[in-house]
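Asker: Protein chains in written order, with our numbering: chain H, 1 to 151; chain Y, 1 to 128. Using N, Cα and C, we set each Cβ at its ideal position, and we do this for glycine too. Since the model is a prediction, treat every value here as computed from it, not as a measurement. So that we are looking at the same thing, I have put the structure below in structure tokens.
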């Protein structure tokens, strides 16, 4: 009777130890894997900073920005191929006149579909407003750039 | 006698099942740990993304220096010669620190000088 009791007792403990060890391992792996490696939002923020940097100079909007033939890629030091229709990036800049309350220029380039993907979570968007001498720059940038493991 | 025999077989079967379950559990744990413990893959991803973001942010004329010492030590622990390469045709940064294949991450900055990068004393130097 005692032996049978011991066997029962031990197998119960055995299962308990399995569960405890299993839970610790799962928790440790989950903590390891949850480390922040998604940089899409930071990428979108860098893109926005870069665009704002080239749209504004000495505290005012660069005049060329208001022209139709403004070359974003040369002026903002961006790679035009990365902003193709099937690319992973999108930039939208609205220049509003605060006093008149109207949009005086609207720039957008890159893959416009990515903007919609921000709602689904497959892309990350950054939105920011910059006020410059009566003008408001409304910037939206998006990235869906995910790296790939090369096999 | 028959009753005793059945009990004996039952005990042996119970012990075998117990051992098999224990071995299975240990294999599962070891598999999970070995997968999670491969830090080389994490380093590949982290370095590829860092370098790509630096290229994105840099202005023309900037010289970027990235210390690769940690990547080298991780790769050497696994007996692998690390690789860091900027593929300006594909617009990707490629990093390899394991014997699996490596990790690629695309950049959007205007880096056109395919030869304007080198590894010197375990440091990546990129001229934008």
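1. Against chain H, with Cβ distances strictly below 9 Å, would residue 105 of chain Y count as a contact?
2. Could you tell me the boundaries of the beta strand (DSSP E) in which residue 106 of chain H lies?
3. Who does residue 95 of chain H pair with in a DSSP beta bridge?
4. For the segment 40-64 of chain Y, which residues have a CB atom closer than 9 Å to at least one CB atom of chain H, in sequence order?
5. Which residues in chain H have a C-beta closer than 9 Å to the C-beta of residue 33 of chain Y? List them in chain order.
6. Could you name the residues of the same chain whose beta carbon sits closer than 6 Å to that of residue 128 of chain H, not counting the 5 residues immediately before and after it, in chain order?
7. With the cut-off set at 9 Å, would you say residue 122 of chain Y and residue 43 of chain Y are in Cβ contact?
8. When you compare the CB positions of residue 18 of chain Y and residue 11 of chain H, do they come within less than 9 Å of one another, or not?
9. Identify the continuous beta strand (DSSP E) that holds residue 129 of chain Y and give its terminal residues.
10. For residue 40 of chain H, report the span of its beta strand (DSSP E) as first-last.
11. Which class does residue 47 of chain Y belong to by DSSP, given the choice of helix, strand or coil?
12. Given a cut-off of 9 Å on the beta-carbon distance, is the pair residue 128 of chain Y and residue 99 of chain Y in contact?
13. Just the Cα atoms here: how many angstroms apart are residue 63 of chain H and residue 77 of chain H?
14. Tell me whether the segment 72-89 of chain Y and the segment 26-40 of chain Y touch, counting them as touching only if at least three CB pairs, one residue from each stretch, are closer than 8 Å.
Answerer: Checking against the coordinates, here is how it stands:
1. yes
2. 102-110
3. H/105, H/137
4. 41, 42, 44, 45, 46, 48, 49, 50, 52, 53, 56, 57, 58, 59, 60
5. 25, 28, 29
6. 48, 139
7. Contact flag unset, no.
8. yes
9. With chain Y covering 1 to 128 only, the question about residue 129 of chain Y has no answer from this structure.
10. From DSSP, residue 40 of chain H is part of no beta strand (DSSP E) but of the alpha helix (DSSP H) over 40-55.
11. helix
12. Against a cut-off of 9 Å, the Cβ pair of residue 99 of chain Y and residue 128 of chain Y comes out as no contact.
13. Cα to Cα, the separation comes out at about 17 Å.
14. yes
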